[in-house]
């Protein structure tokens, strides 16, 4: 027994053992420290569903600053450093290319817009020969088919669509419900119903349509610009950029939107549309398959007084 204890003490006195143990500590401490920093940032980031995702990517630059002196762990450390440096250099290079291409994209934007307008005018003139009614400018961007698609989802004409309840909350002046539908093919669809007490459909419609005011209450919207407007139909083409946590790429949207009104009910259709004048870039990532639309109407108040003083908003959304 004494010999075993003596051998163990002699083993720990060897410099190589102590050096290896120190190397392991120096490798582990920065990694776990980065993990803890990532978790703290994740908890404080909005939206709140991102709070539990691993955020250790912040430690890339930390790896480059704290290389350990050991021999055995240094090889592993240099491998991590090389991978991190490659990723960082790639990101810097893509950002550099994006900045250089931004001015060229802006220079060609006006020319492409005028060309697209000329093509649309020619298409309208050719369609007027075969159609008894000449289509109005911008009518082909968000069409009646998009409205029919919204009504199809809103009225639930497809009996095979099963909506699964996700959430139900209510306060003294608002009630909210949310569902989801997972089709066999295509992205997950979301549906929500919100009832606002003492609100008019016109007020709620303007609230959702006002991008300048949206910047103040939507923490994810970082930038917007109205690219084109068509007064005859009320159609708009809008450019959105939404910010995401640093471990995800920001999202870019080119959306066309239009409002139909019938019996004080507003059908607000918003969908992704192509826009050649604004070409795709590596970052932010463009979301092309996008549909997010509302049905806004007056409903009876939940207070039980029989008054039609509440506003119902039904949102149908899917994207990928």
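Residue numbers (full-length UniProt numbering): 1 to 320.
A virtual CB, placed ideally from N, CA and C, is assigned to each residue, including glycine.
Should residue i be labelled buried (16 or more other beta-carbon atoms within 10 Å of its own) or exposed?
i: residue 217; result: exposed
i: residue 153; result: buried
i: residue 165; result: exposed
i: residue 196; result: buried
i: residue 284; result: buried
i: residue 254; result: buried
i: residue 226; result: exposed
i: residue 203; result: exposed
i: residue 199; result: buried
i: residue 141; result: buried
i: residue 148; result: exposed
i: residue 312; result: buried
In this structure, does DSSP put residue i in helix, strand or coil?
i: residue 215; result: helix
i: residue 260; result: strand
i: residue 269; result: strand
i: residue 228; result: strand
i: residue 287; result: coil
i: residue 221; result: strand
i: residue 205; result: helix
i: residue 36; result: helix
i: residue 24; result: helix
i: residue 241; result: strand
i: residue 113; result: Since pLDDT at residue 113 reaches only 42, below the 50 mark, its modelled position is unreliable, and no value is offered.
i: residue 141; result: coil
By Cβ distance below 6 Å, which residues in the same chain neighbour residue i in space, the five residues on each side in sequence not counted?
i: residue 214; result: 221
i: residue 167; result: 178
i: residue 310; result: 195, 197, 299 and 301
i: residue 192; result: 178 and 315
i: residue 169; result: 176
i: residue 211; result: 224
i: residue 303; result: none
Tell me where the beta strand (DSSP E) around residue i begins and ends.
i: residue 179; result: 174-181
i: residue 164; result: 164-170
i: residue 278; result: Here residue 278 belongs to no beta strand (DSSP E), and DSSP marks it neither H nor E.
i: residue 301; result: Unbroken run through residue 301: none, as it is neither H nor E.
i: residue 330; result: For residue 330 there is no data in the structure shown, the boundaries of the chain being 1 and 320.
i: residue 185; result: It is not in any beta strand (DSSP E) - residue 185 carries neither H nor E in the DSSP assignment.
i: residue 200; result: Residue 200 -> no beta strand (DSSP E), and no H or E assigned at all.
i: residue 319; result: 310-319
So, for residue i: in the same chain, excluding its five sequence neighbours on each side, which residues have a beta-carbon less than 8 Å away from its beta-carbon?
i: residue 308; result: 298, 299, 300 and 301
i: residue 150; result: 267, 269, 293, 295 and 316
i: residue 264; result: 201, 297 and 298
i: residue 106; result: Reliability fails at residue 106, whose pLDDT of 43 lies under 50, so the model's placement of it is uncertain and no value is given.
i: residue 180; result: 163, 164, 166, 188, 189, 190 and 191
i: residue 287; result: 251, 252, 253, 272, 319 and 320
i: residue 223; result: 239, 240 and 241
i: residue 207; result: 213
i: residue 174; result: 194, 195, 196 and 197
Could you tell me the boundaries of the alpha helix (DSSP H) in which residue i lies?
i: residue 144; result: 144-155
i: residue 196; result: From DSSP, residue 196 is part of no alpha helix (DSSP H) but of the beta strand (DSSP E) over 189-197.
For residue i, which residues in the same chain have their Cβ closer than 7 Å to its Cβ, ignoring the five residues on either side in sequence?
i: residue 146; result: 269 and 271
i: residue 161; result: 181
i: residue 243; result: 220, 222 and 250
Would you say residue i reaches chain C, if we count a Cβ-Cβ gap shorter than 8 Å as a contact?
i: residue 257; result: The chain inventory of the structure shown lacks chain C, comprising one protein chain alone.
Can at least three beta-carbon pairs, one atom from the stretch 224-239 and one from the stretch 247-263, be found at a separation below 8 Å? yes
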